[in-house]
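When we follow the working numbering, the leftmost residue of the sequence shown carries the number 177, and every step to the right adds one.
Think of the CB as a built atom: it goes at the ideal place given N, C-alpha and C, for glycine as much as any other residue.
Predicted, not measured: the structure shown is a model, and the values here were computed from it.
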Amino acid sequence: MKNILITGGCGFIGANFVRLALDRLGDSRLINLDLLTYAGNPENLKDVEADPRYSMIKGNICDGGLVEQIFADHQIDTVVHFAAESHVDRSITGPAAFIQTNIVGTFTLLEAARKFWLNGTSGQVPGSGRFLHVSTDEVYGSLGETGYFTETTPYDPRSPYSASKASSDHLVSAYFHTYGLPVVTTNCSNNYGPCQFPEKLIPLIFNNALQGRELPVYGDGKNVRDWLYVVDHCEAILAVLQNGRLGETYNIGGNNEKQNIEIVRTICDLLDKKLGLP
177 MKNILITGGC GFIGANFVRL ALDRLGDSRL INLDLLTYAG NPENLKDVEA DPRYSMIKGN
237 ICDGGLVEQI FADHQIDTVV HFAAESHVDR SITGPAAFIQ TNIVGTFTLL EAARKFWLNG
297 TSGQVPGSGR FLHVSTDEVY GSLGETGYFT ETTPYDPRSP YSASKASSDH LVSAYFHTYG
357 LPVVTTNCSN NYGPCQFPEK LIPLIFNNAL QGRELPVYGD GKNVRDWLYV VDHCEAILAV
417 LQNGRLGETY NIGGNNEKQN IEIVRTICDL LDKKLGLP
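Right, dumping it as structure tokens:
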């Protein structure tokens with residue numbers, strides 16, 4: 177892994193992975209391709225901008241010409257694909273962006289990898305690259321009262337967002353089975369931690385509580401989510417990148433299931449203690 181293309185590296189999970197990779201991967205060069213949409217913030221990586229192993233390119237993963245140019249100019253041998261539209265509510269009001277980024281964007285990256293890694297365009301040894309596709313457990317739909325999602329759970333997406341991610345997962349798998357592209361996929365539960373965009377539940381509750389605004393809780397708040405600290409997620413992604421079996425899918429979770437209302441109450445209790453409130 178000498179030259180790693182990270183898509184969406186200025187986003188929440190991507191930025192945390194960039195830091196971890198710079199710390200763990202020695203002389204590897206990281207090329208961050210990010211369109212800097214509403215959820216991508218270059219300030220997330222301000223502290224690593226001066227590192228000679230890191231470079232950032234503003235651009236769209238759907239731009240095939242740009243993606244191929246990056247593969248050629250930087251001799252990309254590894255892809256870690258974070259870039260995605262990822263907010264369920266936004267997918268309901270504007271699904272087109274999710275189809276374009278999550279499906280067409282993934283296809284564009286896969287095609288570039290196939291061209292440069294399998295067709296000899298880059299002079300690389302065929303099959304020597306690795307393409308890690310970062311996905312979500314939302315593709316499995318809703319879980320029953322008991323049990324866990326596993327890597328063999330049938331897909332049952334319930335929103336345009338999860339449907340677009342399920343489609344991209346299937347594309348990645350198809351490129352492995354059809355062309356032999358060296359791919360691996362991870363599906364994660366709900367992340368939290370530094371650099372998270374404020375529309376997500378935990379930062380949203382913190383911000384609204386501090387500003388005296390209404391705390392948004394859907395229904396009775398008894399929906400259960402598994403919470404995964406973002407740095408733990410990035411550690412798992414790195415482990416899969418280095419040791420995962422090609423063509424496989426790996427679920428990544430925190431074994432930390434909480435009702436939404438429990439998360440809200442915990443945050444309120446923490447803020448009350450921090451601010452010295454009764």
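Give every residue of the same chain whose Cβ lies closer than 7 angstroms to the Cβ of residue i, excluding the five residues on either side of it in the sequence, and list them in chain order.
i    : result
F283 : L347
F274 : E261, S267, P336, Y337 and S340
V243 : I237, T284, L285 and A288
N217 : C186
R290 : Y351, Y355 and L357
E424 : V360
Excluding five sequence neighbours on each side, which residues of the same chain lie with their C-beta closer than 6 angstroms to the C-beta of residue i?
i    : result
V256 : I182 and L308
N455 : Outside the shown range of the chain (177 to 454) lies residue 455, about which nothing can therefore be said.
T254 : M177, I180 and R306
M232 : N208
P370 : none
G184 : G190, D210, F258 and A259
Would you say the beta carbon of residue i is closer than 7 angstroms to some non-hydrogen atom of the ligand ADP?
i    : result
L446 : Of the ligands one can find in the structure shown there are none, so the ligand ADP has no counterpart to examine.
Indicate whether residue i and residue j have their beta-carbon atoms separated by less than 8 angstroms.
i    : j    : result
S311 : S344 : yes
V360 : V416 : yes
P379 : Q387 : no
F188 : N419 : no
E390 : N384 : yes
K190 : F247 : Going by the sequence as given, residue 190 is Gly instead of Lys. No.
N427 : F352 : no
L414 : L196 : yes
G235 : L209 : yes
W403 : N363 : no
K434 : R401 : yes
L201 : Y230 : no
R334 : G317 : yes
V194 : V224 : yes
G430 : D445 : no
What do you get for residue i, buried or exposed, if any count of 16 or more other CB atoms within 10 angstroms of its CB means buried?
i    : result
A288 : buried
I268 : exposed
E314 : buried
P374 : exposed
D227 : exposed
N295 : exposed
A350 : exposed
L357 : buried
L221 : buried
A272 : exposed
T328 : exposed
G395 : exposed
G452 : exposed
T277 : buried
T442 : exposed
G270 : exposed
DSSP puts residue i in a beta bridge; with which residues?
i    : result
L308 : V256 and V360
I233 : L209
Within a Cβ cutoff of 8 angstroms, which residues of the same chain sit near residue i, ignoring the five residues on either side of it in sequence?
i    : result
V280 : C238
L212 : C186, P218 and K234
R421 : V360
Ordered list of alpha helix (DSSP H) runs contained in the region 177-219, each at least 4 residues: Considered as a whole, the region 177-219 harbours 188-200 as its complete alpha helix (DSSP H) runs of no fewer than 4 residues, in chain order.
Of all the beta strand (DSSP E) runs that stay within the bounds of the region 361-445, which reach a length of 3 or more residues? Those beta strand (DSSP E) runs which fall completely within the region 361-445 and span 3+ residues are 366-368, 400-405, 425-428 and 433-435.
Which complete alpha helix (DSSP H) runs does the region 310-350 hold, if anything under 4 residues is left out? Within the region 310-350, no alpha helix (DSSP H) run of at least 4 residues lies entirely inside it.
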